[in-house]
Every structure is written in C-alpha cells, then in structure tokens.
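Here the structure comes first, spelled out in structure tokens, and everything after it is commentary.
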Amino acid sequence: MKLGLYKKGAEMDRCDPDAEYKMDLRQVSFNFWVEDGRYSGTISGDALDRLAGGDAGLRAGCLDSYKKNWEQIHGIASLKLAAGLAPQISLLDV
C-alpha cells in the first residue's frame, strides 16, 4: 500500500463530501481511497475535539473538524489499514 497519498491535490484521496455524523456514538463515518480502493473509516467525537483544538460540539462541529482535518484523518486511517487494523480512529490516535 502506498502511504504517500496525503499531499494536497492528490487524486487518489479526497475529503468525503458525504461524511456522516452518528449521534448515538458521537462519531463521523467517512470513506477514503487508497490505491484506487475505497474503504470506510470512523473517527470519534473525542478525537475530533482534539483536532478542533477544543470542544467540536455535535453534528455541525464534528463535520467541520472532519472537513478541516481530513488529510490527517485519512492518513491515520490508511496507516491503521496498512497495519491490519480497523480504520477506526480514537483519541489515542491523534
């Protein structure tokens, strides 16, 4: 798996415009692309809080934090996938 995909303008990966907020788990689920393969990942609300530099809040704040930090989020998800782990990002990963 190529891991150098997280340069601005990389064609194989992009911010997922259809990322979804799941209130019951306070997380965002997203799709990301590695070597032309599409994968699904999640990031916890706590991890999004840290990336936002404070409390990301609920739906709007979490989705905003995802959109502002998607390259880092997708990079972590890709590394976890390459290591054979589920691309589920927690506070410990950021």
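Residue numbers for the sequence shown follow the numbering used here, beginning at 2 and rising by one.
All C-beta atoms, glycine included, are put in the ideal place defined by N, C-alpha and C.
Between residue i and residue j, which are expected to be in contact by the criterion C-beta below 8 angstroms, what is the C-beta distance as a whole number of angstroms?
i	j	result
residue 73	residue 42	With 8 angstroms as the limit, residue 73 and residue 42 do not qualify as a contact, their Cβ atoms being about 12 angstroms apart.
residue 67	residue 82	Actually they are not in contact, since the Cβ atoms of residue 67 and residue 82 sit about 18 angstroms apart, beyond 8 angstroms.
residue 79	residue 45	17 angstroms between Cβ atoms; not a contact.
If the criterion is Cβ atoms closer than 8 angstroms, does the pair residue i and residue j meet it?
i	j	result
residue 14	residue 33	yes
residue 70	residue 93	no
residue 29	residue 63	yes
Assign residue i to one of three DSSP states: helix, strand, or coil.
i	result
residue 27	coil
residue 21	strand
residue 39	strand
Can you tell me where the alpha helix (DSSP H) with residue i in it begins and where it stops?
i	result
residue 61	60–83
residue 50	46–53
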